[in-house]
Amino acid sequence: MGYQFDFGASAQYLGLLLRGTAVTLLLTAVASVFGLVLAVAGAAATGSKYSWLRGLIATYVELIRNTPFIVQMFFIFFGLPSLGLRFAALPAAALAMTINLAAYAIEILRAGLEAIPAGQSEAGRSLGLRPSMIFGLLVLPQAVAVVYPALVGQVTITMLESAVVSQIAVVDLTHVADFIQSRNFRSFETYLIITLIYLTLAVLLRRVLVLAGRRFFSGQGR
Amino acid sequence: MNDFTLWDITRNLLLAVPWTLLLSAIAFAGGGLVGVLLLLAGVGGSRWLGRIVDLYVELFQGTPLLMQLFLVYFGLPMLGIDVSAWLAATVCLTLYSSAFLAAIWRGCVAAIPQGQWDGSASLGLHHIQQLRLVIFPQALRIAIPPTVGFLVQLVKSTALASIVGYHELTKTAQILSNATFQPFVIYGLAALAYFVICYPLTAWSRALERWLTTVAR
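Going down the list, the sequences are from chains D and R. To convert, take the position in the first sequence, counting from 1, and add 5; that gives this note's numbering. One point on numbering: in this note's numbering, the residue at position 166 of the second sequence is 164, and numbering is uninterrupted.
What follows is the structure, given as structure tokens:
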């Protein structure tokens, strides 16, 4: 085929690669923390007695889950400024990822909450615990323990999908790849290296989170 | 400057919808075909083939689809193949969906209780017959809801083809937005179009799942 591979042409950009990796991981961390907090509130609200609140949550979840992430991000970054809501690229990306992750996590957490037997909250009530304590101390920790693997999967997917934020000029790992290949004209090698970095990050992220979960949830759930 | 009415925008977006649907359909059909081959390789009994299928799935599920697209788009020319955005998107999404479908279907085969294998073995069936007569018919039933569910993911994934310049819904929305300076309306309508395509599939998948649980009882 007459093509000489040249992976060395990317080596001089190590600093940039590290910065891109840091931005990708930072976005993932921010989206995970805020997205999961939102999701806990959302999942709790699906059990609410107010039907308008349940409807609101259900609409939000379905709207996000049935549209592409890139369109959601474009809507936030390009569309919302016409309402006077102007975001810089990095906050816009973080917001889009948070909103996206929260919708999926609500579905996951709701399945977890449904898996916890009613006897648990009945036991809490018979001990005189307030409803908020029953949810926060009894039901939620068990539900999270049950669906923890699915949550880890969703966080990993969010990290991989964040490659798209390069399209609104966030300098993440993918954006760094675009920059490097525009300098060294070695597009295939550059994208291959970046792909392998993503793969490594995904494997490590999953492993770290699973280990953390094992420590955190030992003796709970299954 | 220019007078794009709401109808002009809607019409142009609607004209792009068939391209999104076509790309999804080709990727689903091609991915299904490759996925079946991967499934057969995975459950054929050879440990080595099983490992290779696992690795294939891991590679596609552990890397961003955008990177896979870039690799195909920039990689195939190195093999002397002239790639259009259309070819790159089709090849890439086909491989991508084959990995996900293979993973889903392997999971369904694994969900068939061991007793089914033992029972069919005691009837004197060999491995291929066990799969064909006992395991696959049962696995097929539980495979339908998650397969329809994946179709939703696939339709959404085709939006990334816009980045390599394939003119589907998202790319058309970008072009319209640049021409009319009405991103709020345009991306809103584009999202709505995706929703109209995907939501019925989501609802269908959920209904199938409910049907399965009632049948199983």
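Note that CB positions come from ideal geometry on N, CA and C, so glycine has one too.
Below-7 Å beta-carbon distance, residue i vs any chain R residue
i, result
"A168(D)", "yes"
"P146(D)", "no"
"N71(D)", "yes"
"A107(D)", "no"
"G84(D)", "yes"
"R227(D)", "Interpretation of R227(D) is limited by its pLDDT of 46, a score under 50 that renders its predicted location unreliable; the figure taken from the coordinates is listed afterwards. With 7 Å as the cut-off, R227(D) does not count as an interface residue toward chain R."
"A101(D)", "no"
"T163(D)", "no"
"F79(D)", "yes"
"L204(D)", "yes"
"Y18(D)", "no"
"L33(D)", "Looking at the sequence provided, one finds Thr at residue 33(D) rather than Leu. For T33(D), the answer is no, since every Cβ of chain R falls outside 7 Å of its Cβ."
"A207(D)", "yes"
"S187(D)", "no"
"I111(D)", "no"
"T26(D)", "no"
"F193(D)", "yes"
"Y65(D)", "no"
"I75(D)", "yes"
"T51(D)", "no"
"R212(D)", "no"
"T29(D)", "no"
"Y196(D)", "yes"
"S37(D)", "no"
"S87(D)", "yes"
"M6(D)", "Residue confidence for M6(D) is low, a pLDDT of 48 falling below 50, so the modelled location carries little weight and cannot support an answer."
7 Å Cβ cutoff, residue i in contact with chain D
i, result
"P62(R)", "yes"
"A157(R)", "yes"
"T212(R)", "no"
"F2(R)", "no"
"Y94(R)", "no"
"A188(R)", "yes"
"T200(R)", "yes"
"K154(R)", "yes"
"T168(R)", "yes"
"P144(R)", "no"
"S203(R)", "no"
"L67(R)", "no"
"A14(R)", "no"
"Y54(R)", "no"
"C196(R)", "yes"
"G147(R)", "no"
CB contact flag (residue i, residue j, <7 Å)
i, j, result
"A14(R)", "L167(R)", "yes"
"T195(D)", "Q186(D)", "yes"
"I142(R)", "L37(R)", "no"
"A101(D)", "Q77(D)", "yes"
"I110(R)", "I133(R)", "yes"
"Y24(R)", "I184(R)", "Note that residue 24(R) is Ile in the sequence shown here, rather than Tyr. No."
"F82(D)", "A97(D)", "yes"
"Y192(R)", "A83(R)", "no"
"I62(D)", "G47(D)", "yes"
"V181(D)", "L21(D)", "yes"
"F182(R)", "G84(D)", "yes"
"A188(R)", "A171(R)", "yes"
"S171(D)", "F72(R)", "no"
"A16(D)", "R70(D)", "no"
"L41(D)", "A50(D)", "no"
"C196(R)", "V150(R)", "yes"
Close beta carbons around residue i, own chain, < 6 Å, minus the five adjacent residues each side
i, result
"S37(D)", "V160"
"A120(D)", "V151"
"G117(D)", "A148, V151, V152"
"V70(R)", "A86, V89, C90"
"A94(D)", "I173, A174, V175"
"A168(D)", "T179"
"K169(R)", "S160"
Presumed contact (8 Å Cβ cut-off) between residue i and residue j, rounded CB distance
i, j, result
"V35(D)", "A99(D)", "5 Å"
"G25(D)", "D183(D)", "Contact doesn't hold; Cβ gap of about 10 Å is too wide."
"G133(D)", "L143(D)", "Not quite, the Cβ-Cβ distance comes to about 13 Å (not below 8 Å), so this is no contact."
"T29(D)", "M164(D)", "7 Å"
Own chain partners of residue i with C-beta closer than 8 Å, once the 5 adjacent residues on each side are dropped
i, result
"Q66(R)", "F58, C90, L93, Y94"
"F148(R)", "S95, F98, L99, I102"
"A39(R)", "L47, G48, I50, V51"
"P75(R)", "V81"
"M6(D)", "A caution first: M6(D) carries a pLDDT of 48, below 50, which makes its placement in the model too unreliable to give a value."
"L131(R)", "S118, L123"
message: Restricting to runs no shorter than 4 residues, where is the alpha helix (DSSP H) found entirely within the region 96 to 138 of chain R?
response: 112 to 120, all fully within the region 96 to 138 of chain R.
message: Suppose only complete runs of 4+ residues qualify. What are the alpha helix (DSSP H) ranges in the region 41 to 103 of chain R, listed by chain order?
response: Entirely contained in the region 41 to 103 of chain R, the alpha helix (DSSP H) runs reaching 4 residues are, in chain order, 45 to 59, 63 to 73.
Contiguous alpha helix (DSSP H) assignments of at least 4 residues, all confined to the region 96 to 167 of chain D: Runs of the alpha helix (DSSP H) inside the region 96 to 167 of chain D: 123 to 131, 145 to 166.
query: Can you give, in chain order, each stretch of the alpha helix (DSSP H) that sits fully within the region 142 to 181 of chain R and has at least 4 residues?
result: List check, alpha helix (DSSP H) in window: 167 to 178.
task: Report the residue ranges of all alpha helix (DSSP H) runs contained in full by the region 52 to 89 of chain D; include only those spanning at least 4 residues, in chain order.
output: As far as the region 52 to 89 of chain D is concerned, its whole alpha helix (DSSP H) runs of at least 4 residues are 56 to 70, 74 to 79.
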